[in-house]
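J.:
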Ligand SMILES: Cc1cc2nc3c(=O)[nH]c(=O)nc-3n(C[C@H](O)[C@H](O)[C@H](O)COP(=O)(O)OP(=O)(O)OC[C@H]3O[C@@H](n4cnc5c(N)ncnc54)[C@H](O)[C@@H]3O)c2cc1C
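Numbering (the numbering used here), first residue to last: 8 to 375.
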């Protein structure tokens with residue numbers, strides 16, 4: 008069986024790693040020209056189930072490296088007002104989850120894929136062939152045939168737009184300014200694993216990304232053949248603001264924070280602007296099983312949900328379920344149907360979690 012994966016995000020790479028391990032013929036086609044072609048580096052939190060699925064995708068020899076470059080989930084989450092007065096605290100029920108920098112994790116998931124991973128390969132459309140296989144058509148005019156085509160091409164998925172054209176993705180009435188600031192001097196702002204600063208029209212979410220060991224050093228010592236980016240520990244911040252700006256201009260953000268605590272203003276003013284940007288917050292329609300064919304969806308492509316929820320966790324779980332169903336399958340459509348049923352059930356859970364997170368923000372705003 009030949010599997011062609013569209014998109015080298017976390018989900019597509021995790022699936023490829025699992026299929027390679029099982030000896031399945033797999034190729035990943037990514038539209039970007041290189042792994043770091045765009046801003047990629049925000050922090051992602053994995054809960055225990057997502058973490059186990061991630062570990063299952065990473066080759067065992069790299070598990071010590073996977074642990075070394077993680078951040079620990081320690082202490083409480085807290086809500087504060089713009090003067091840093093504590094409004095509430097919440098202990099986590101578990102400390103088994105881990106935090107990752109998305110860019111570092113992506114480098115780790117690329118390790119060993121070699122020329123199975125192709126860059127500069129933007130999918131335009133696919134074509135279902137009479138023999139039940141699928142032909143992927145790329146923007147450069149080339150094509151590749153597959154027994155199974157997996158759209159792991161993110162929220163705006165070209166595969167989903169063709170497969171399920173009725174599923175729409177729309178902007179929410181807020182946008183996110185997303186950035187990071189080196190943590191030195193700002194540790195006190197996040198005594199636990201996260202801090203939310205809540206004001207009337209603005210929420211600022213702060214998260215620690217403190218690597219247990221610096222990624223470059225850890226790779227050198229634990230897996231010298233793996234190249235990891237030289238990323239220092241940082242505070243990831245996300246501002247949820249009303250409206251839809253096109254570019255990140257920190258001045259209007261700082262203006263909104265004019266009477267905030269000086270340390271919070273300094274945090275934003277000292278942002279690493281190369282790794283900061285603005286992004287609309289989008290969500291997609293709910294997804295339900297569709298008549299199965301040799302084309303399927305994985306991760307955000309299958310269940311487009313706003314950031315900060317369970318998206319990466321679900322992408323890891325999708326990759327696990329899809330690989331388990333495909334490996335050794337005698338009937339690919341039966342395997343895909345079983346996967347899609349589970350994927351849609353998990354997507355509904357993820358949607359509910361994202362909606363709850365946004366309701367909590369609305370509540371914080373009302374209380375502020
Ligand atoms: C600020 C922020 C914080 C987040 N925090 C968390 C968190 O704490 N926990 C969590 O679980 N999730 C979190 N998420 C969500 C998580 O990042 C996503 O759900 C996850 O990365 C989705 O992975 P994916 O592989 O499905 O898609 P993506 O990572 O979006 O990858 C899709 C890939 O497909 C490529 N592509 C797109 N179109 C094409 C095409 N036509 N042809 C070829 N390639 C294409 C893209 O370039 C990209 O590389 C966060 C998201 C953001 C933005």
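Note that the Cβ used here is the ideal one computed from N, Cα and C, for glycine as well.
(1) Given this structure, state the Cα-to-Cα distance separating residue 95 from residue 209, to the nearest angstrom.
(2) Given 7 angstroms as the limit, tell me if residue 97 has its C-beta closer than that to any heavy atom belonging to ligand 2.
(3) Would you be able to state if there are at least three C-beta pairs under 8 angstroms between the stretch 281-301 and the stretch 174-186?
(4) Any heavy atom of ligand 1 inside 7 angstroms of the beta-carbon of residue 32?
(5) Name the DSSP bridge partner or partners of residue 185?
(6) Tell me whether residue 129, by its Cβ, gets closer than 7 angstroms to a heavy atom of ligand 1.
(7) Less than 6 angstroms between C-beta atoms, sequence neighbours within five positions excluded: which residues of the same chain meet that for residue 190?
(8) Confirm the yes/no value for this check: CB of residue 78, any heavy atom of ligand 1, distance under 7 angstroms.
(9) Please specify which runs of the beta strand (DSSP E), each continuous and at least 3 residues long, are wholly inside the stretch 187-249, giving them in chain order.
(10) Cβ of residue 130 less than 8 angstroms from any chain C Cβ?
(11) May I ask which residues mark the beginning and end of the beta strand (DSSP E) holding residue 63?
(12) Nearer than 7 angstroms: is that true of the beta carbon of residue 144 relative to any heavy atom of ligand 1?
(13) Roughly how many angstroms separate the alpha carbons of residue 173 and residue 157, rounded to a whole number?
(14) Could you tell me the alpha carbon to alpha carbon distance between residue 347 and residue 267, rounded to whole angstroms?
(15) Can you check the stretch 324-366 for any alpha helix (DSSP H) of at least 4 residues that lies completely inside it and give the ranges in chain order?
(16) Tell me the DSSP secondary structure of residue 290 in three-state form.
(17) How big is the Cα-Cα spacing for residue 52 and residue 105?
(18) Please classify residue 380 as buried or exposed, where buried requires at least 16 other C-beta atoms within 10 Å of its C-beta.
(19) Under a Cβ-count criterion, where at least 16 other Cβ atoms within 10 Å of its own Cβ denotes burial, should residue 313 be classed as buried or exposed?
(20) Quick one, are the C-beta atoms of residue 77 and residue 49 less than 8 angstroms apart?
(21) Determine the burial state of residue 34: buried for a count of at least 16 other Cβ atoms within 10 Å of its Cβ, exposed for fewer.
(22) On the three-state DSSP scale, how would you describe residue 375?
(23) Rounded to whole angstroms, what is the Cα-Cα separation between residue 324 and residue 70?
(24) With a floor of 4 residues, list each alpha helix (DSSP H) that falls wholly inside the stretch 82-118, ordered by position along the chain.
(25) Within 10 Å of its beta-carbon, does residue 311 have 16 or more other beta-carbons around it, so buried, or fewer, so exposed?
(26) Let's see if you can read the secondary structure: which residues bound the beta strand (DSSP E) around residue 275?
(27) What do you reckon, are the CB atoms on residue 188 and residue 272 nearer than 8 angstroms?
T.: A quick look at the data gives this:
(1) On the chain shown, position 88 is the one that residue 95 refers to. On the chain shown, position 202 is the one that residue 209 refers to. Their Cα atoms are separated by approximately 17 angstroms.
(2) With respect to ligand 2, the structure shown offers nothing to examine, as its ligands consist of ligand 1.
(3) The stretch 174-186 vs the stretch 281-301: in contact.
(4) What you label residue 32 is simply residue 25 of the chain shown in a count that begins at 1. No; taking the cut-off as 7 angstroms, the Cβ of residue 32 has no heavy atom of ligand 1 nearer than that.
(5) For this step, residue 185 is matched to residue 178 along the chain shown. Answer is 245 and 284.
(6) As a working note, residue 129 is residue 122 in the chain shown. Checking every heavy atom of ligand 1 against the Cβ of residue 129, one is found closer than 7 angstroms.
(7) What you label residue 190 is simply residue 183 of the chain shown in a count that begins at 1. 240, 241 and 242.
(8) Stepping through the chain shown from its first residue, residue 78 is reached at position 71. Checking the Cβ of residue 78 against ligand 1 gives no.
(9) Listed in chain order, the complete beta strand (DSSP E) runs (minimum 3 residues) inside the stretch 187-249 are 201-205, 210-216 and 241-249.
(10) Looking for chain C here will not work: only one protein chain is present.
(11) Here the question's residue 63 lines up with position 56 in the chain shown. Not the beta strand (DSSP E): residue 63 falls in the alpha helix (DSSP H), residues 55-64.
(12) The residue given as residue 144 occupies position 137 in the chain shown. Checking every heavy atom of ligand 1 against the Cβ of residue 144, none is found closer than 7 angstroms.
(13) For this step, residue 173 is matched to residue 166 along the chain shown. For this step, residue 157 is matched to residue 150 along the chain shown. Rounded to whole angstroms, residue 173 to residue 157 spans 19 angstroms at the Cα level.
(14) Mapped onto the chain shown, residue 347 falls at position 340. Mapped onto the chain shown, residue 267 falls at position 260. Across the structure, residue 347 and residue 267 are spaced so that their CA atoms are roughly 47 angstroms apart.
(15) Listed in chain order, there is nothing to give.
(16) As a position in the chain shown, residue 290 is number 283, starting the count at 1. Residue 290 carries a strand assignment under DSSP once its states are collapsed to helix, strand and coil.
(17) As a position in the chain shown, residue 52 is number 45, starting the count at 1. As a position in the chain shown, residue 105 is number 98, starting the count at 1. Looking at the two C-alpha atoms, the distance is approximately 6 angstroms.
(18) This structure leaves residue 380 out entirely; the chain is present only between 8 and 375.
(19) Taking the chain shown and counting its residues from 1, the one referred to as residue 313 is at position 306. Looking at its Cβ environment, which holds 16 or more other Cβ atoms inside 10 Å, residue 313 is buried.
(20) On the chain shown, position 70 is the one that residue 77 refers to. On the chain shown, position 42 is the one that residue 49 refers to. Contact: no.
(21) As a first step, residue 34 is located in the chain shown; it is residue number 27 there, counting from the start. The C-beta of residue 34 has 16 or more other C-beta atoms within 10 Å across all chains shown, which makes the residue buried.
(22) Here residue 375 corresponds to residue number 368 of the chain shown, with the count starting at 1. Note that residue 375 has pLDDT 46, beneath the 50 cutoff, so the model's placement of it is unreliable and no number is given.
(23) Numbered from 1 along the chain shown, position 317 holds the residue referred to as residue 324. Numbered from 1 along the chain shown, position 63 holds the residue referred to as residue 70. So the two alpha carbons sit approximately 18 angstroms from each other.
(24) List check, alpha helix (DSSP H) in window: 109-117.
(25) Translated into the one-based positions of the chain shown, residue 311 becomes position 304. Residue 311 comes out buried.
(26) Position 268 of the chain shown, counted from the first residue, corresponds to residue 275. Where residue 275 is concerned, there is no enclosing beta strand (DSSP E), although the alpha helix (DSSP H) it sits in stretches over 269-276.
(27) Taking the chain shown and counting its residues from 1, the one referred to as residue 188 is at position 181. Taking the chain shown and counting its residues from 1, the one referred to as residue 272 is at position 265. Residue 272 is positioned such that its CB atom lies no closer than 8 angstroms to that of residue 188.
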